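Residue numbers for the sequence shown follow our numbering, so the first one is 176 and each next one is one higher. Glycine included, C-beta positions come from ideal geometry on N, C-alpha and C. From a predicted model like this one, the values you see are computed outputs, not experimental measurements. I have placed the structure first, in the form of structure tokens, so that the comments after it can refer back to it.
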Amino acid sequence: MLSEPWTYTHVSGVYTFFTGESNVNINYPDYVIAYSAAHECAHQRGVAFENEANFIALLVCLESDDDFIRYAGLCDVYSTIANSAYKTNKDRYYTAAARLNKKISGEYSAFSEFFKKYEKNIYAETASKINDGYLKSQGQQSGVVSYSLITKMTVNYIYKTYLAE
């Protein structure tokens, strides 16, 4: 019922501490839903900061016995690193994106196409400002930027877990 309005506000999930309930926007692709559910459950378990909830969600997904849940985690790893790369070095981003598996790049393209109608609107801007103020009032100095602070943790985890000898 709330998924369509939430999509306009770019909300993929909400944890309500008054009720202890996590809700997830089911309008997004399945791989986003799985990761969002893990993120909201991290809040439910007491992880307050957004970057930390993102990282816990990543670990839950990557360590899952379920192939699809692991896929959701890997999609988030790629999105996290790709978004950061796009902001810092567009040439490197496009080189890496060209190497991405065609099925996976097709999935990202389909999501981008789906999201175009929701991308820029007054509801998203307003929701972001409200969330930014809320997060700052709760001690998260970076506000909504805190969602993207997972990049360094993700890169360190991937390096230490899969690449370091």
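- The Cβ atoms of S259 and T336 do not sit closer than 8 Å to each other.
- Judged by DSSP in its simplified three-state form, V199 adopts strand.
- By DSSP's assignment, V186 forms no beta bridge with any residue.
- Under the 8 Å Cβ criterion, the segment 209-217 counts as touching the segment 228-241, having at least three qualifying pairs.
- Collapsing the DSSP output to three states places T326 in a helix.
- By the Cβ criterion, the segment 266-280 is not in contact with the segment 300-315, since fewer than three pairs of Cβ atoms, one from each stretch, lie closer than 8 Å.
- With contacts defined as CB atoms closer than 8 Å, T184 and T255 fail to qualify as a contacting pair.
- Counting the other CB atoms within 10 Å of its CB gives D241 a total below 16, which places it among the exposed residues.
- DSSP places T191 within a strand segment (E or B) once states are collapsed to three.
- Annotation for S312: the continuous alpha helix (DSSP H) segment containing it runs I297 to S312.
- R220 sits in coil when the DSSP states are folded into three classes, being neither helix nor strand.
- Cα atoms of N198 and A217: separation of roughly 12 Å, rounded to the nearest angstrom.
- Every alpha helix (DSSP H) stretch that sits fully inside the segment 246-305 and reaches 4 residues is listed by chain position as 265-274 and 277-290.
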